[in-house]
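First comes the structure, then the notes that go with it.
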Amino acid sequence: MNKSILTLSFYIALIIPACRLKESCDTLPSQFSSYDQAVLKIESSDFKIKEIANTSKSSWIRGASFYSCDGNTGYYILQTDNQDYLYTNMPYSVWIKFKNAESLGKFYNENIKHRYIFQLTK
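So for the sequence shown, the numbering used here puts the first residue at 3; every next one is plus one.
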């Protein structure tokens with residue numbers, strides 16, 4: 003077989019999987035059986051809004067991200083040293099206030115914690 007055809011075939015085999023379109027957030031299931039499954043599906047789907055907050059000034063929040071299909075409400079993922087927390091139906095306006103808060107931890111505890119709870123299937 004011609005070397006250039008072999009090389010071309012190799013590159014096509016690499017490019018095609020990389021070009022695969024992300025799953026639309028509209029097709030996400032309404033319920034998940036595990037938090038890991040939910041986070042994996044959310045992070046690998048295509049959303050209208052997909053933002054990450056700068057958490058470098060927080061003493062305990064290691065990461066925070068927001069994913070919204072409709073631009074109004076969405077999933078909120080908070081990462082700490084020990085655990086990741088997943089919330090749903092959080093308003094985008096709350097996300098904006100969180101990102102701009104003087105203290106991310108204080109804002110989280112007062113405005114997000116115990117609200118917008120994500121429930122797994124039973």
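C-beta atoms are modelled at their ideal positions from N, C-alpha and C, and glycine is treated no differently.
The criterion of a C-beta distance shorter than 8 Å is not satisfied by Lys43 and Tyr69. Of the other Cβ atoms in all chains shown, fewer than 16 fall within 10 Å of the Cβ of Leu122; this residue is therefore exposed.
DSSP links Ser70 through a beta bridge to Ile51. Straight through space, the alpha carbons of Tyr87 and Gln81 are spaced by roughly 6 Å.
The DSSP-derived three-state label of Asn111 is helix.
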